[in-house]
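Taken in order, the sequence shown gives residues 781 to 1018; the numbers are from this note's numbering. All C-beta atoms in this analysis are idealised placements derived from N, C-alpha and C, irrespective of residue type, glycine included. Just so it is clear, the structure is predicted and the values come from calculations on it, not from any experiment. Shown next, in structure tokens, is the structure this report addresses.
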Amino acid sequence: MVLIALDLKFMWQIVPDILQASLITIEISTLAVLFGIVTGLPLGGLRVLGSPFIKVMIQGFVDFVRGVPPLLHIAFIYFALPNFGIRLDEFWTGVVALTIIAAGYEVEIVRAAIESIDRGQSEAALSIGMDQRTTLTQILLPQALKRMLPALTNELANVIKASSLLSVISVNELMKVGNALIFEHFVFAEVLIQVAIMYLVIISFLVWLSAYLEAQMFSFGGLQQSGLGAHISNQNIR
């Protein structure tokens, strides 16, 4: 009975608009998470192994990002930065704002993953002459990666949902296009159902991809050895 009440012809008619908006949502979210990882990995490592001053600075950044609403980040970059001579269009405002938000959370994801590894491994690596950078990149991060993946997937899902806030600066992402269709055609349920379905499809695919990568990368035959023993074995092979 519910399906009969819906305008299925209209729902089919707006599919191209919904798909195009979904692509923009995916593009912005993917770029933001990739840039966030590039930023979050080194900052997370420094959060664990850096000097006390660096740790305090990074923690301040994390507290700022997590304590300020995402909408305020977006508004500041789009409306306030031009006063300092920095102008970004709507698309790159979204990427930069979501990158900052993602990085703030990814720093903590990286830190927690690294600190969950037995401290004896880093102590042993340092005792045989490795410096902190080598210990981090060759001993700790390869093991921490598996522990990060579920949390990073969750963060990407959060970034995808947060991208709906970009509608306030007229980015033609999924929520903005959905709102435009509602105001243009005065049809609510059909549009909102399709927008919700698209978010579910995107995030469900993301969860499946994460599980697939975890199974492929970290199963037997993927990363069979990890940690200091694997590093020593590789050195012996060379």
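Please report the straight-line C-alpha distance between residue i and residue j, rounded to a whole angstrom.
| i | j | result |
| --- | --- | --- |
| ILE889 | ARG927 | 9 Å |
| LYS851 | ALA942 | Here the sequence assigns Leu to residue 851, which means Lys is not the residue at that position. Those two C-alpha atoms are separated by around 9 Å. |
| LEU921 | ILE894 | 7 Å |
| LEU823 | GLY847 | 18 Å |
| HIS965 | ASP898 | 59 Å |
| ALA883 | GLN996 | 26 Å |
| GLU994 | PHE871 | 31 Å |
| GLN793 | THR933 | 32 Å |
| MET1019 | ASP869 | Because the chain spans 781 through 1018 in this model, residue 1019 falls outside it and cannot be assessed. |
| PRO862 | VAL951 | 18 Å |
| LEU929 | VAL842 | 20 Å |
| ALA785 | SER984 | 27 Å |
| ILE973 | LEU788 | 11 Å |
| VAL981 | ALA991 | 15 Å |
| ASN938 | ARG867 | 26 Å |
| TYR885 | VAL975 | 26 Å |
| ILE806 | PHE963 | 24 Å |
Could you give the first and the last residue of the continuous alpha helix (DSSP H) run that contains residue i?
| i | result |
| --- | --- |
| PHE968 | Looking at the DSSP string, PHE968 is not in any alpha helix (DSSP H), and its letter there is neither H nor E. |
| ARG846 | 832–847 |
| SER752 | Coverage of the chain is limited to positions 781 through 1018, which leaves residue 752 absent and any answer about it impossible. |
| ASN863 | Careful: ASN863 lies outside any alpha helix (DSSP H) and carries neither H nor E. |
| VAL818 | 795–829 |
| GLN918 | Neither: GLN918 is in no alpha helix (DSSP H) and is coded neither H nor E. |
| TYR885 | 870–895 |
| ILE854 | 850–855 |
Can you give me the Cβ contacts of residue i inside the same chain, cut-off strictly under 6 Å, excluding the 5 residues immediately before and after it?
| i | result |
| --- | --- |
| ILE857 | THR873, VAL876, ALA877 |
| SER1061 | Residue 1061 lies beyond the range of the chain shown here (781 to 1018); nothing can be said about it. |
| LEU1003 | Unreliable positioning characterises LEU1003 in this predicted model, as indicated by a pLDDT of 47, which lies under 50. The coordinate reading is nonetheless provided below. Correct list: empty, nothing qualifies. |
| ARG891 | GLY824, ARG827, VAL828 |
Leaving aside the five residues before and after residue i along the sequence, list all residues of the same chain whose C-beta is less than 7 Å from its C-beta, in chain order.
| i | result |
| --- | --- |
| LEU829 | GLN912, LEU916 |
| LEU936 | SER809, VAL813, LEU986 |
| SER947 | GLU953, MET955, LYS956, ASN959 |
| ALA931 | ILE889 |
| ILE949 | ILE854, TYR858, GLU870, THR873 |
| VAL887 | GLY820, LEU823, GLY824, ARG827, ILE838, VAL842 |
So, for residue i: in the same chain, excluding its five sequence neighbours on each side, which residues have a beta-carbon less than 8 Å away from its beta-carbon?
| i | result |
| --- | --- |
| ILE908 | none |
*Does the pairing of the stretch 895–906 with the stretch 831–844 give three or more beta-carbon distances under 8 Å?*
The answer is no - the stretch 831–844 does not touch the stretch 895–906, with fewer than three Cβ pairs under 8 Å.
*Below 8 Å, can you find three or more Cβ-Cβ pairs linking the stretch 950–965 to the stretch 795–809?*
Between the stretch 950–965 and the stretch 795–809, the count of C-beta pairs closer than 8 Å reaches three or more; the two stretches touch.
*For the stretch 858–865 against the stretch 817–827, are there 3 or more C-beta pairs whose distance is under 8 Å?*
Result no; under three Cβ-Cβ pairs closer than 8 Å.
*Any chance the stretch 969–989 sits against the stretch 879–887, with 3 or more Cβ pairs inside 8 Å?*
No, the stretch 969–989 is not in contact with the stretch 879–887.
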